[in-house]
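K.L.:
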Amino acid sequence: MQRIGKHTVRVGEHQDTIVLTLRGDVTLDDAKQIFDFMAARFAGQSYMLVTGDMSELGHVLAEARKMLVTASSRIPPIRGLVYHRASFTARVLTELVVRGYALATGADFPVHFVKDEAEAGAWLARRRAQLIRGGTA
Numbered sequence: 179m180q181r182i183g184k185h186t187v188r189v190g191e192h193q194d195t196i197v198l199t200l201r202g203d204v205t206l207d208d209a210k211q212i213f214d215f216m217a218a219r220f221a222g223q224s225y226m227l228v229t230g231d232m233s234e235l236g237h238v239l240a241e242a243r244k245m246l247v248t249a250s251s252r253i254p255p256i257r258g259l260v261y262h263r264a265s266f267t268a269r270v271l272t273e274l275v276v277r278g279y280a281l282a283t284g285a286d287f288p289v290h291f292v293k294d295e296a297e298a299g300a301w302l303a304r305r306r307a308q309l310i311r312g313g314t315a
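Going by the numbering used here, the sequence shown opens with residue 179, and the numbers climb by one from there.
1. With a cut-off of 8 Å, do at least 3 Cβ pairs link the stretch 189-207 to the stretch 298-307?
2. How should Gly258 be labelled, buried or exposed, when 16 other C-beta atoms within 10 angstroms of its C-beta is the threshold for buried?
3. Using only CA atoms, which one of Asp294, Phe220, Val189 lies nearest to Arg263?
4. Near Leu206, which residues of its chain fall below 8 Å by C-beta distance, leaving aside the five closest residues on each side in sequence?
5. Decide if Ile310 is buried, meaning its Cβ has at least 16 other Cβ atoms within 10 Å, or exposed.
6. Between Gln223 and Gly183, is the Cβ-Cβ spacing less than 9 Å?
7. Rounded to whole angstroms, what's the CA-CA distance from Tyr225 to Pro254? Just pull it up for me.
8. May I ask you to list the residues that DSSP assigns as paired with Thr195?
9. Looking at the strands, I want to know which residues DSSP matches up with Phe220.
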């Protein structure tokens, strides 16, 4: 696990998954460090899945959102995203960030919100199985 400001980031139980706990605002420096972590830990992977706790998310600052697009070429394609404990505001913000990312990169992946970590784990298992069955992993 690595601390980035108030946030934490780690590789999940499966090597294709990044687990984020976002606390407070996400600054440009935070976003850069998160992408550095992803680029280093997921190098050589054909895809990655994203999960995490959004209960304490503040704002994703504009410069951090813009950086997501430029840094996307440094990481494997995101093939699914599931967050738990996300407020309505966090859900809307996530949807906006993902749509901007999709428009800029052509990425198309499911985004899902659930109550807790157990539900997120179940969703990840189903998504991973889909990817493996479909040969798109």
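We treat Cβ as the ideally placed atom computed from N, Cα and C, and that holds for glycine.
P.N.:
Quick look at the numbers:
1. In short, these stretches touch, since the Cβ pair count reaches three.
2. Its Cβ being crowded by 16 or more others within 10 Å, Gly258 is buried.
3. Distance check between Arg263 and each of Asp294, Phe220, Val189 places Asp294 closest, using alpha-carbon atoms only.
4. Cβ neighbours of Leu206 beyond the five flanking positions: Leu239, Glu241, Ala242, Met245.
5. Exposed is the call here.
6. Against a cut-off of 9 Å, the Cβ pair of Gly183 and Gln223 comes out as no contact.
7. Cα-Cα distance, rounded: 5 Å.
8. Paired residues: Leu227.
9. The partner list for Phe220 (beta bridge, DSSP) is empty, contrary to what the question assumes.
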